[in-house]
Amino acid sequence: MRRWMPPLFAVLMLSIVCAAVPGAAAEAPAASAGARDYLAEAAAAFTPENRSYSDTRVFLMLAGPLYGILAGLLLMFTGLSARFRDIAHGLGHRLYVRVLVYFTLYSTTLFVLSLPLAWFEEFALEHQYGLSNQTLLGWAGDSVKSLVFSIFAVGVVPLLALAWARVQASPRGWWRWIALGTLPVTLAAVVLQPVVFDPMFNKFTPLRDAELRGQIISLAARAGIPGRNVYEVDMSSKTKKINAYVSGFGASQRIVLWDTALRSLKRDEILFVMGHEMGHYVLHHIWKYVALVSLGAFAGFWLCARIAEWWLAAFGPRWGVTSVSDLAAMPVLLLSLTMVTLLAMPGLNWVSCLIEHESDIYALELTHDNDAGARAFLQLAKDNRSNPEPAEWVRILLYDHPPLGDRIRFALEYRPWEKGEPNRFYHPRPANLAAR
Ligand SMILES: [Zn+2]
3 MRRWMPPLFA VLMLSIVCAA VPGAAAEAPA ASAGARDYLA EAAAAFTPEN
53 RSYSDTRVFL MLAGPLYGIL AGLLLMFTGL SARFRDIAHG LGHRLYVRVL
103 VYFTLYSTTL FVLSLPLAWF EEFALEHQYG LSNQTLLGWA GDSVKSLVFS
153 IFAVGVVPLL ALAWARVQAS PRGWWRWIAL GTLPVTLAAV VLQPVVFDPM
203 FNKFTPLRDA ELRGQIISLA ARAGIPGRNV YEVDMSSKTK KINAYVSGFG
253 ASQRIVLWDT ALRSLKRDEI LFVMGHEMGH YVLHHIWKYV ALVSLGAFAG
303 FWLCARIAEW WLAAFGPRWG VTSVSDLAAM PVLLLSLTMV TLLAMPGLNW
353 VSCLIEHESD IYALELTHDN DAGARAFLQL AKDNRSNPEP AEWVRILLYD
403 HPPLGDRIRF ALEYRPWEKG EPNRFYHPRP ANLAAR
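Under the numbering used here, the first residue of the sequence shown carries the number 3, and numbering increases by one thereafter.
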C-alpha cells in the first residue's frame, strides 16, 4: 500500500518499520542423527509453485519503481503536468492553494495509472497463491484511504508548500534545505506512524493471551525494557503471511505481532521472535537508521537535484517546463528521487541486513534457544513462501533481511556461551542474572 505514496513521502517513511525476524551466513552445521534438518525442510518447502511466487515478487520489486518513473515521464510528455499547473494557478494565488490543487491532481492521476499494477501486486497475485483473505472491496477501500491520507494528512501539503517555497527561492541550492528538513520530518513520521497511520488500516490491541503476555514481560524484564508495549494486530482478515515488527519512537515505540504469527508459531518460537524485536529496541536500531537516512539525505537530494536538472535541460523546452521552481516540474523531481532511491537501495539494504543480523544475535544471546530460532525462521519461510537461498544479485539488490537459509544456519551454530565466550549484544544486568 505504501507504493501509493508519492516517492518523497515514501523515502521519509523508509525508516519507520523494521519488519520481523532476520540472520546471517555461516557454514552449515551437519544435522545430528535423528534431529530435524531445518535447511533441508526449508529447501523442500520451497516448491516450484513457491519459486514462481517469489520470482514474481522480485520482478515486481524492480518493476514498481520503474513503472513509477515511466508514469512521471508520461505526465510530462503528454503535457498533463503543465495542464495541472495551469489549473492550480487559475484557482488561487497563494502557494499553499496551488500546491494543494496540483498535488491532488498529480497524486490522483498517478493513482489511476498505477492501479493495474497495484491490483496485480497487492490483490491478484496474493489470491492466486492463497496468501490473501482480503476482499476486492476491502483492498480498494484501503487503496483509496491510502491515497486520501497521502494528500490530506495533516502536514503533507503545508510541508510540500514549504519545500516548494525553498525550491522557488533557491532553484540551485534547494536540495540543502530539503535535506535539512528530512530529520525532523522523518522523526515526526516515525513517532506518528503507530498512533495515526497504522490504526487507519488495522486494529491494534494489547496482546490478549495473558500467559504469553506474562512470558513476554519476563523476557522483556531480562532485556531491561518495558514489556507493556506489545500489541497484536488483526492481519488475519487480510493475509496468511506472518510478521512482527518494532515501530514508533520514544513513547510511541511498540512491538507488534501479527495475529497470524500468534497462530502459526509455537510459544517458544514467538518468544524468540520477541527477543529479536527486543534487540531492535535495546540496540536503538530505529533512531540509528533515522540518523543514517537523514545524513544520507544530503547526498541523495544533491544527486536528485542534478538528475532533475539533466531531465529539464534535455526535455524541458519540449515539456514547456524549464525550471525546477515551476510547479509542473514536480513529477521530474519525484521521479529523480525514485531513481536516487533505486541507486541507494543496495546500500540501505546492506545496513538493514546488518541491523537485522545484530537483532538475531541479540535474540540468541537472550534466549539461548537456538532450536526455536531455527524453527521460527523455517516457519517464516514456509508461511511467506520465501526463497531461503536467493541468487546473490537478488539478495544484494532487494533483501533488507538476510535470507532465511542463512538465518537458520546462523541460529543453529551461534552458541558462544557454550565456549565461555562473552556475548556481543545482550548484557544482562546483575539484578537480572538470577532471573535467567
Ligand atoms: Zn528485525
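We put the CB at the ideal spot given by N, CA and C, even for glycine.
Judged by pairs of C-beta atoms under 8 Å, the stretch 106-117 touches the stretch 146-158, as three or more such pairs exist. The residue from P173, L264, A293 and V169 with its alpha-carbon nearest to that of R215 is L264.
For S249, the uninterrupted beta strand (DSSP E) segment begins and ends at A246 to S249. When DSSP states are grouped into helix, strand and coil, R256 belongs to the strand group. When K384, L339 and H429 are compared, the shortest CA-CA separation from A365 is found for H429. Minimum Cα-Cα distance from Q381 among the listed residues V193, N245, S83 and P404 corresponds to N245. Counting other Cβ atoms within 10 Å of its Cβ, D211 stays below 16 and is therefore classed as exposed. Residue burial annotation: K243 is buried, with at least 16 other C-beta atoms found within 10 angstroms of its C-beta.
Within the same chain, and ignoring the five residues on either side of A378 in sequence, the residues whose Cβ sits closer than 7 Å to its Cβ are V23, L267, E271, F274 and V275. For S354, the CB contacts under 6 Å within the same chain, skipping 5 residues up- and downstream, are D402 in chain order.
Per DSSP, F86 lies in no beta strand (DSSP E); the unbroken alpha helix (DSSP H) holding it starts and ends at L82 to L93. Between Y233 and V258, the C-beta spacing is below 8 Å. Residue burial is scored here from C-beta neighbours: E279 has at least 16 other C-beta atoms within 10 angstroms and is therefore classed as buried. When C-alpha distances from L64 are compared across L399, P418 and W419, the shortest belongs to L399.
In this structure, V323 sits away from A167, with a CB-CB distance that is not shorter than 8 Å.
The straight-line gap separating the alpha-carbon atoms of N425 and W419 is approximately 7 Å. Rounded to the nearest whole angstrom, the CA to CA distance from A310 to W289 is 30 Å. Around the beta carbon of S388, a 10 Å sphere encloses 16 or more other beta carbons of the protein chains shown; the residue is thus reported as buried. L138 sits exposed, since fewer than 16 C-beta atoms from the chains shown fall within 10 Å of its C-beta. In the structure shown, the three-state DSSP call for P67 is helix. Relative to ligand 1, H282 has its C-beta within less than 7 Å of a heavy atom.
Shortest Cα-Cα distance from L305 to any of M202, A225, S238 and A181 involves A181. Between L221 and G277, the CB-CB gap stays under 8 Å. Here DSSP, grouped into helix, strand and coil, assigns P208 to strand.
Scanning A225, T80 and A190 for the CA closest to the CA of S254 turns up A190. The C-beta of W312 has fewer than 16 other C-beta atoms within 10 Å across all chains shown, which makes the residue exposed. Beta-bridge partners assigned by DSSP to Y233: P208 and V258. Looking at R308, L294, Q136 and G74, the one whose alpha-carbon comes closest to that of L115 is G74.
For R38, the closest alpha carbon among the candidates E423, A376 and V146 is that of A376. Distance from the CA of P186 to the CA of G422, rounded to the nearest whole angstrom, comes to 44 Å.
Beta-bridge annotation (DSSP): T241 is paired with S134.
One alpha carbon belongs to Q170, the other to W176, and they sit about 8 Å apart.
A direct Cα-Cα distance of roughly 9 Å separates T58 from E123. Just measuring C-alpha positions, the residue of Y416, R417, P392 and A413 sitting nearest F48 is P392. Short of 6 Å from the beta carbon of T184, and not among the five residues preceding or following it, lie these beta carbons of its own chain, in chain order: S296 and A299.
Assignment of R96 by DSSP, reduced to helix, strand and coil, places it in the coil class.
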